[in-house]
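A.B. asks: Plus 409 on top of the position in the sequence shown (first one is 1) and you've got the numbering used here. Built from N, CA and C at the ideal position, the CB exists for glycine as well. First the structure, then my questions, so here it is.
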Amino acid sequence: MPVNHLVLFQFKTDASADKVEEAYLNMLSLKDKCLHPTTQTPYIKSFTGGRDNSPEGLQSGIQYAFVVEFENIADRDFYVHNDQAHKAFVANASPIIEKAIVVDYSF
410 MPVNHLVLFQ FKTDASADKV EEAYLNMLSL KDKCLHPTTQ TPYIKSFTGG RDNSPEGLQS
470 GIQYAFVVEF ENIADRDFYV HNDQAHKAFV ANASPIIEKA IVVDYSF
């Protein structure tokens, strides 16, 4: 059963535009950097994201959104708990992230 992993970021007000752009690009690069533990090939089915452009004004500070699709729960769980590329991203981006919201659902 496929799983969508939604990730929402609000960056700290003192984060430079260059650092935010770097984090954004690094997040998108995970699609190719995250490798399956058995096959050593990329396992993220699809990965999209970008800066908020909603006219509704209901963002509550959220500036960027990403949707990561996995083939199954096991792949999502590996990504969240064990994937070294993902862990490196989290370690590098955490200092400039004010708030992160993550919601997953199967479909």
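Kindly indicate which residue of N491, F475, V429, G466 has the alpha-carbon position closest to the one of N501.
C.D. replies: Measuring from the Cα of N501, the nearest candidate turns out to be V429.
A.B. asks: Taking the CB atoms as reference points, tell me whether Y488 and C443 lie closer together than 9 Å.
C.D. replies: Yes, the Cβ-Cβ distance between Y488 and C443 is below 9 Å.
A.B. asks: For the beta strand (DSSP E) that T428 lies in, which residues bound it at each end?
C.D. replies: The residue asked about is misnamed: residue 428 is Lys in this sequence, not Thr. No beta strand (DSSP E) holds K428; the alpha helix (DSSP H) holding it covers 426-442.
A.B. asks: Let's test the definition: count the other Cβ atoms within 10 Å of the Cβ of L417 and tell me whether it reaches 16, buried, or not, exposed.
C.D. replies: With 16 or more other Cβ atoms within 10 Å, it is buried.
A.B. asks: Mind checking which residues open and close the beta strand (DSSP E) that includes H414?
C.D. replies: Note, H414: beta strand (DSSP E), 412-420.
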